[in-house]
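For my numbering, count along the sequence shown from 1 and bump the result up by 13.
Idealized CB from N, CA, C, for every residue including glycine.
Note that the structure is predicted; figures quoted are calculated from it, not measured.
For reference, the structure is listed below as structure tokens.
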Amino acid sequence: MLCFFAMGFVDLVGIASNYVKQDFDLSDSFANTLTGLVFFWFLFFSVPTGMLMNKIGRKNTVLVSLAITAVSLLLPLIGNTLPIMVIAFSLLGIGNAVMQTSLNPLVTCVLKGGNMASTLTFGQFIKAIASFMAPIIAGWGAAAAIPTFGYDWRILFVIYFIIGVLATAILWGSIIEEEPAEVSGISVGKQFANCFVLLGKPIVLLSFLGIMCHVGIDVGTNTTAPKIIMERLGWTLEQAGFATSVYFIGRTIGCFTGSFFLRVLKTRTFFIISVVMMALAMAGLYFGTDQWVLYAATALVGYGNSNVFSMCFATALEAEPQKQNEVSGLMIMGLFGGTLFPILMGLASDAMGQTGAVLVMTAGVVYLFTYINKLK
């Protein structure tokens, strides 16, 4: 679960991109592209990570991801330049792609049976704690301008680096029994092909698209909520940055309560409730002009979106129990939606303001409504 907390470090990109935009006077589309860069690497590293797990095991793969993440958090402390931030965001994305692909299946080794969706949701609850803390810590650093460290909002990287090193050390010393993966003698190219063949199974493909929409809405709200408040209420970034925390507070509560609801409700029933919440939230973000409406809508999309990943991921894993490493790689590759959505939202917001960005996220919500019929 401490590793799930480290997994949440990736969500600092939302508030960090706003500060980077401010520091370097970037356009909305360029700043959103920087955010999308983090999730771009999921497209290339997720499936190879599934193959890597077959060779070195799930625990060792998670340790590799933690090491990459630690380096990404260390780089911004060296200097606050745009090239350094680009490299740091890229490494953060690579580390998180490897971590998300390997950590979720590692949970099955610890569980030895049990409710997968519920446990993954609890892990997302722990992850969300790191997510909603990020803008609070960054805002505190920016306001305090801590002279001792001289890192301003980048004090966030110092704190998360220390926690990341701690998570690495504790996991390194933990004994986890893993069942050896089935090793085949086929070539790497053939393994890749066999992996993507799984997308030919409708539930795997539709779950993949569902995860793309989930992360697109997640990253989109994370990045856009402060901009909506700045645009409509005339607030500064330091004031509006709390909207990101409101989103992740909603997500945190959603993950915590979702781990219970997924034990007592049918997955399909809870999925319907979640998507309806998100649809109402999109309406609030599109039409809202009052602080309480915008905050309520932001929290509501956070709650509604909090369990979508776990339900889609668990559905795909349970559909192919003998190919969990490969399916995990494919599902995490779906986090590439975190690149696609922010780019489209940036272009839309440059053209018609933040309401354009909300329309792009609404398209993702519409798809999730179509996924309901595929859930048993």
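Who are the near neighbours of ALA141 in its chain, counting only those whose CB is closer than 6 angstroms to its CB and skipping five residues on each side?
By one-based count along the sequence shown, residue 141 stands at place 128. So the list reads PHE261, ARG264, THR265 and CYS268, once near-sequence residues are dropped.
Below 7 angstroms between beta carbons: does that hold for ALA60 and GLY350?
For the purposes of this step, residue 60 is taken as the residue at position 47 of the sequence shown. For the purposes of this step, residue 350 is taken as the residue at position 337 of the sequence shown. Residue identity differs from the one stated: residue 60 is Val in this sequence, not Ala. Taking 7 angstroms as the Cβ cut-off, VAL60 and GLY350 do not qualify as a contacting pair.
ARG167, enclosing alpha helix (DSSP H) - first and last residue
Position 154 of the sequence shown holds residue 167. Premise fails: ARG167 is in no alpha helix (DSSP H) and is neither H nor E.
C-alpha distance - ASN67 paired with GLN337, whole-angstrom precision:
Locating residue 67 in the sequence shown gives position 54, counting from the first residue. Locating residue 337 in the sequence shown gives position 324, counting from the first residue. Distance between the alpha carbons of ASN67 and GLN337 is about 11 angstroms.
So GLY154 and TRP166 are in contact, right, with Cβ under 8 angstroms, and what is the actual spacing, rounded?
Mapped onto the sequence shown, residue 154 falls at position 141. Mapped onto the sequence shown, residue 166 falls at position 153. Contact holds; Cβ gap of about 5 angstroms.
Suppose only complete runs of 4+ residues qualify. What are the alpha helix (DSSP H) ranges in the stretch 265 to 329, listed by chain order?
280 to 300 and 304 to 318
Buried or exposed (CB count within 10 angstroms, at least 16 for buried), ASP38
As a first step, residue 38 must be located in the sequence shown, where it is residue number 25. With fewer than 16 other Cβ atoms within 10 Å, it is exposed.
Nearest candidate by alpha-carbon position, reference SER287, set GLY297, GLY315 and PHE300:
Within the sequence shown, residue 287 is the residue found at index 274, counting from 1. Here the closest residue by C-alpha is GLY315.
Any idea if VAL217 is buried or exposed, counting beta-carbon neighbours within 10 angstroms, 16 or more meaning buried?
Against the sequence shown, residue 217 aligns to sequence position 204. That one is buried.
Under DSSP, the alpha helix (DSSP H) around MET66 begins and ends at which residues?
The sequence position of residue 66 within the sequence shown is 53, counting from 1. Run containing MET66: 55 to 69, per the alpha helix (DSSP H) assignment.
Using 7 angstroms as the threshold, is the C-beta distance between VAL51 and LEU105 below it?
The residue you call residue 51 lines up with position 38 of the sequence shown. The residue you call residue 105 lines up with position 92 of the sequence shown. Cβ distance < 7 angstroms, so VAL51 and LEU105 count as in contact.
Check whether the Cβ of ASN117 lies closer than 7 angstroms to any Cβ atom in chain C.
Among the protein chains of the structure shown there is no chain C, as only one such chain exists.
Taking buried to mean at least 16 other C-beta atoms within 10 Å of its own C-beta, is LEU95 buried or exposed?
Working through the sequence shown from its first residue, we reach residue 95 at position 82. That one is exposed.
Cβ contact (3+ pairs, closer than 8 angstroms) linking the stretch 375 to 384 and the stretch 221 to 236:
yes
Exposure label - PHE273; buried when at least 16 CB within 10 Å
Within the sequence shown, residue 273 is the residue found at index 260, counting from 1. By the 10 Å Cβ count, PHE273 comes out exposed.
Cutoff 6 angstroms; reference ARG4; Cβ partners in own chain excluding five residues on either side:
The first residue shown for the chain is 14 and the last is 389, placing residue 4 beyond what the model contains.
With 16 other Cβ atoms within 10 Å as the buried cut-off, status of ASN109:
By 1-based counting over the sequence shown, the position of residue 109 is 96. Buried: at least 16 other Cβ atoms inside 10 Å.
Could you check whether MET129 and PHE78 sit closer than 7 angstroms to each other, using their CB atoms as the reference points?
Looking up residue 78 in the sequence shown gives position 65. Looking up residue 129 in the sequence shown gives position 116. Looking at the sequence itself, residue 78 is Ser, so the reference to Phe does not match. Their beta carbons are not under 7 angstroms apart, which means SER78 does not touch MET129 by this criterion.
Short of 8 angstroms in beta carbon distance, which residues of its chain neighbour TYR308, apart from the five on each side in sequence? Order them along the chain.
By 1-based counting over the sequence shown, the position of residue 308 is 295. Answer for TYR308: ALA256 and VAL259, listed in chain order.
With PRO13 and ILE69 assumed to form a contact (beta carbons below 8 angstroms), what rounded beta-carbon distance in angstroms separates them?
Outside the displayed span of the chain (14 to 389) sits residue 13, for which this structure offers no information.
Residue burial classification, SER207 (beta-carbon count within 10 angstroms, cutoff 16):
Here residue 207 corresponds to residue number 194 of the sequence shown, with the count starting at 1. Rather than Ser, the amino acid found at residue 207 in this sequence is Asn. It is exposed - the Cβ of ASN207 has fewer than 16 other Cβ atoms within 10 Å.
Helix, strand or coil: which one does DSSP assign to MET129?
Against the sequence shown, residue 129 aligns to sequence position 116. Of the three classes helix, strand and coil, the one that applies to MET129 here is helix, per DSSP.
Just how far apart, CA to CA, sit ILE100 and ASP231?
Taking the first residue of the sequence shown as 1, we reach residue 100 at position 87. Taking the first residue of the sequence shown as 1, we reach residue 231 at position 218. About 22 angstroms.
Thinking C-beta only, is ALA310 closer than 7 angstroms to GLY297?
Stepping through the sequence shown from its first residue, residue 297 is reached at position 284. Stepping through the sequence shown from its first residue, residue 310 is reached at position 297. Yes, Cβ-Cβ distance for GLY297 and ALA310 is below 7 angstroms.
Buried or exposed for ALA327, please, with buried defined as at least 16 other CB atoms from any protein chain shown within 10 angstroms of its CB.
Counting from one through the sequence shown, the residue named residue 327 turns up at place 314. It counts as buried.
Going by alpha carbons, who is nearest to PRO215 out of VAL23, GLN367 and CYS325?
Numbered from 1 along the sequence shown, position 202 holds the residue referred to as residue 215. When each option's Cα is compared against that of PRO215, the closest is CYS325.
For the alpha helix (DSSP H) containing THR249, name the first residue and the last one.
As a first step, residue 249 is located in the sequence shown; it is residue number 236 there, counting from the start. It is not in any alpha helix (DSSP H) - THR249 carries neither H nor E in the DSSP assignment.
What does the Cβ neighbour count give for GLU190, buried or exposed, with the cut at 16 atoms within 10 Å?
The count along the sequence shown starts at 1 and reaches residue 190 at position 177. GLU190 is exposed by the Cβ-count criterion.
Report the CB separation of LEU348 from PHE55 in whole angstroms; it is logged as a contact under 8 angstroms.
The residue labelled residue 348 in the question sits at position 335 within the sequence shown. The residue labelled residue 55 in the question sits at position 42 within the sequence shown. Right, the Cβ-Cβ distance comes to about 4 angstroms (below 8 angstroms), so this counts as a contact.
Could you check where the alpha helix (DSSP H) with PRO118 kicks off and where it finishes?
As a first step, residue 118 is located in the sequence shown; it is residue number 105 there, counting from the start. Segment 95 to 124, the alpha helix (DSSP H) holding PRO118.
Alpha helix (DSSP H) segment containing LEU18, residue limits
For this step, residue 18 is matched to residue 5 along the sequence shown. Looking at the sequence itself, residue 18 is Phe, so the reference to Leu does not match. First-last of the alpha helix (DSSP H) with PHE18: 15 to 20.
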